[in-house]
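**Student:** With the first letter of the sequence shown counted as 1, position 26 gets the number 14 in my numbering; the numbers rise by one all the way through.
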Amino acid sequence: MDLKGRTAVVTGSSSGIGQELCTMLAQKGAAVYGFSRRRSVVEHPSFTWMQTDVTKQEEIDRAFDTVLRAHQRVDLLVNNAGFGLFGSIETLDPEAWNRLIATNLTAAFLCTRRVVSGMKEAGRGTIVNVASIAGKRGFRNGSAYCASKFGLNGFSEALVEELREEGIRVCSINPGSTGTEFFEHAGIEPKKLMKTGDVASLILTMIELPDDMLPDQVVVRPL
Ligand SMILES: NC(=O)c1ccc[n+]([C@@H]2O[C@H](COP(=O)([O-])OP(=O)(O)OC[C@H]3O[C@@H](n4cnc5c(N)ncnc54)[C@H](OP(=O)(O)O)[C@@H]3O)[C@@H](O)[C@H]2O)c1
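1) Is Phe71 closer than 8 angstroms to Phe143 when the C-beta atoms are compared?
2) Who are the Cβ neighbours of Arg209 in its own chain at under 8 angstroms, not counting the five residues just before and after it?
3) For ligand 1, is there any heavy atom lying closer than 7 angstroms to the beta carbon of Thr91?
4) Between the C-alpha atoms of Asp(-10) and Thr168, what's the straight-line distance to the nearest angstrom?
5) Look up Gly185 in the DSSP assignment and say whether it is helix, strand or coil.
6) At the level of alpha carbons, what is the spacing between Asp41 and Glu153?
7) Going by C-alpha distance, which of Asn117, Ile176, Gly126, Phe52 is nearest Asp204?
8) Please determine whether the Cβ atom of Gly75 lies at a distance below 7 angstroms from any heavy atom of ligand 1.
9) In whole angstroms, what is the alpha-carbon distance linking Gly22 and Glu46?
10) According to DSSP, is Val207 part of a helix, a strand, or is it coil?
11) Tell me whether the beta-carbon of Ser76 lies closer than 8 angstroms to the beta-carbon of Asn141.
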């Protein structure tokens, strides 16, 4: 996808992978909208922050209504908002489980349903789901996080089949540990970390592949 003049939405744009990716997409000439609860600071004139809690459907819909009033359609959606929740099964709080699934999985559904019809009309579009290695294999004390990310990968795989004939690419990126705020919030210590900018660049590379190439599942981890 050539990003010049395209419209992009990135969820989870206030820090980490999403924030870096927003800068890169804007520098490539896209009009970029970042959805997050905290202010997203991306120093570029074609970036707009939309204060949005992706666990709330009405906030997602309001943000997309604004984007779609200004642009014909969304050409690129990156479902990136997410957080980690780790602990033994007896200690996992059901409310935290629900918040995790709402953020890491349901939000991707709620955002995707708002962009697909415009992409179908255009006969092209790209949706990137930021899953995780924890969406490919199970980790001790990771039952909640793994369930959310395995779910996101299932969502992606099914959508690939549903949308590929419409010219819409659905891609899943599955990073290992990356040096963002993620681990501060998750309360666990990674052994090795990839650089945030390197993971964001990989996502940019996937997006910029020719429209007839589909990087449907990419896994990347620290060496
Ligand atoms: N870091 C890693 O090792 C790693 C590895 C594999 C996959 N991932 C995935 O990569 C994605 C990005 O994470 P990151 O590593 O860049 O961590 P991060 O720096 O903590 O960023 C997470 C982003 O998600 C947003 N977010 C969380 N809950 C939200 C909500 N309810 N509504 C709107 N936005 C929300 C946060 O914004 P606000 O708090 O401002 O709302 C923030 O911008 C996540 O899906 C994560 O699961 C990370």
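Each residue gets a CB set at the ideal place from its N, CA and C atoms; glycine is no exception.
**Tutor:** In terms of the structure at hand:
1) no
2) Ile121, Pro163, Gly164, Ser165, Met182
3) yes
4) 28 angstroms
5) helix
6) 32 angstroms
7) Asn117
8) no
9) 16 angstroms
10) strand
11) no
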